[in-house]
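In my numbering, the protein residues as written are 264 to 438.
Note that beta-carbon positions come from the ideal geometry of N, C-alpha and C, so glycine has one too.
These notes concern the structure reproduced below.
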Ligand code: HEM
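Encoded structure:
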């Protein structure tokens, strides 16, 4: 398999970014909801240490991925015989996934910067702020729930291709 995609399948760079992001995002959603729900401040700091590092990594990977598609690689051709609305919906969902990840990354960084929580999460300071006092927190919460919804639609569509249509849509994203 080459680094770049060809008309029939994704290349190794696209596949690696896809699956690393998928696993990291599931972990980020879990860690985010745990951090927001726990009353144990020490545990929250530990979870946020992982969450913020992984969040910045996923944001960077997503920006790299967009650059990769714009300047270096081209997607495989659309699966044959697909109704037009399904192809269009897939493109919209994929773009929304990128957009929501960028919104989550940016609102997360803004939340940390405005609240000064960086000194507590990564430094020696004590006493986490109440993130709800900062406007990016609401954006982060809504975007997190939207991402769950989009991920469910995305996974359902992949399973539909694999088990109902029995086409190559999913296998071309596997190593
Ligand atoms: C793709 C990346 C990210 C995802 C999927 C994500 C997801 C989430 C989710 C689902 C929550 C829980 C929200 C709620 O219950 O309303 C959360 C909380 C949080 N996230 Fe993220 N996040 C991401 C990136 C980041 C980044 C880059 C930062 C900071 C550098 C960050 C900082 C936080 C903080 C501080 C909380 C806790 C808020 C609280 O306790 O009220 N997140 N995140």
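Alpha carbon to alpha carbon, how far is residue i from residue j?
{"i": "residue 318", "j": "residue 359", "result": "17 Å"}
{"i": "residue 420", "j": "residue 334", "result": "27 Å"}
{"i": "residue 316", "j": "residue 278", "result": "22 Å"}
{"i": "residue 294", "j": "residue 276", "result": "26 Å"}
{"i": "residue 381", "j": "residue 329", "result": "28 Å"}
{"i": "residue 407", "j": "residue 336", "result": "29 Å"}
{"i": "residue 397", "j": "residue 361", "result": "24 Å"}
{"i": "residue 306", "j": "residue 344", "result": "51 Å"}
{"i": "residue 437", "j": "residue 311", "result": "31 Å"}
{"i": "residue 346", "j": "residue 331", "result": "28 Å"}
{"i": "residue 268", "j": "residue 372", "result": "32 Å"}
{"i": "residue 348", "j": "residue 426", "result": "19 Å"}
{"i": "residue 386", "j": "residue 379", "result": "11 Å"}
{"i": "residue 327", "j": "residue 428", "result": "32 Å"}
Out of the options, which one is the CA nearest neighbour of residue i?
{"i": "residue 355", "options": "422, 268, 417", "result": "417"}
{"i": "residue 289", "options": "373, 321, 386", "result": "321"}
{"i": "residue 375", "options": "403, 348, 361", "result": "403"}
{"i": "residue 292", "options": "397, 428, 426, 409", "result": "409"}
{"i": "residue 324", "options": "286, 415, 394, 393", "result": "286"}
{"i": "residue 433", "options": "373, 395, 303, 353", "result": "353"}
{"i": "residue 301", "options": "332, 373, 393, 427", "result": "393"}
{"i": "residue 414", "options": "357, 327, 304", "result": "357"}
{"i": "residue 395", "options": "386, 387, 405", "result": "405"}
If residue i sits next to residue j, beta carbons under 8 Å apart, how far is it from one beta carbon to the other, in whole angstroms?
{"i": "residue 399", "j": "residue 367", "result": "In fact, because the Cβ distance is near 10 Å, the residues do not count as touching under 8 Å."}
{"i": "residue 281", "j": "residue 298", "result": "Not a contact, Cβ separation roughly 26 Å."}
What residues in its chain sit with their C-beta under 6 Å from that of residue i, if we drop five residues either side in the sequence?
{"i": "residue 270", "result": "339, 340"}
{"i": "residue 412", "result": "none"}
{"i": "residue 370", "result": "399, 402, 403"}
{"i": "residue 264", "result": "275"}
{"i": "residue 364", "result": "325"}
Go through its chain and collect everything with a Cβ distance to residue i's Cβ below 7 Å, but skip five positions before and after it.
{"i": "residue 435", "result": "271, 272, 273, 339"}
{"i": "residue 430", "result": "342, 424"}
{"i": "residue 383", "result": "308, 389, 390, 391"}
{"i": "residue 266", "result": "274, 275, 276"}
{"i": "residue 350", "result": "341"}
{"i": "residue 304", "result": "391"}
Cutting at 8 Å between CB atoms, please list the residues of its own chain near residue i, excluding the five before and the five after it.
{"i": "residue 229", "result": "Given that the chain is displayed from residue 264 to residue 438, the structure contains no residue 229 and the question cannot be resolved."}
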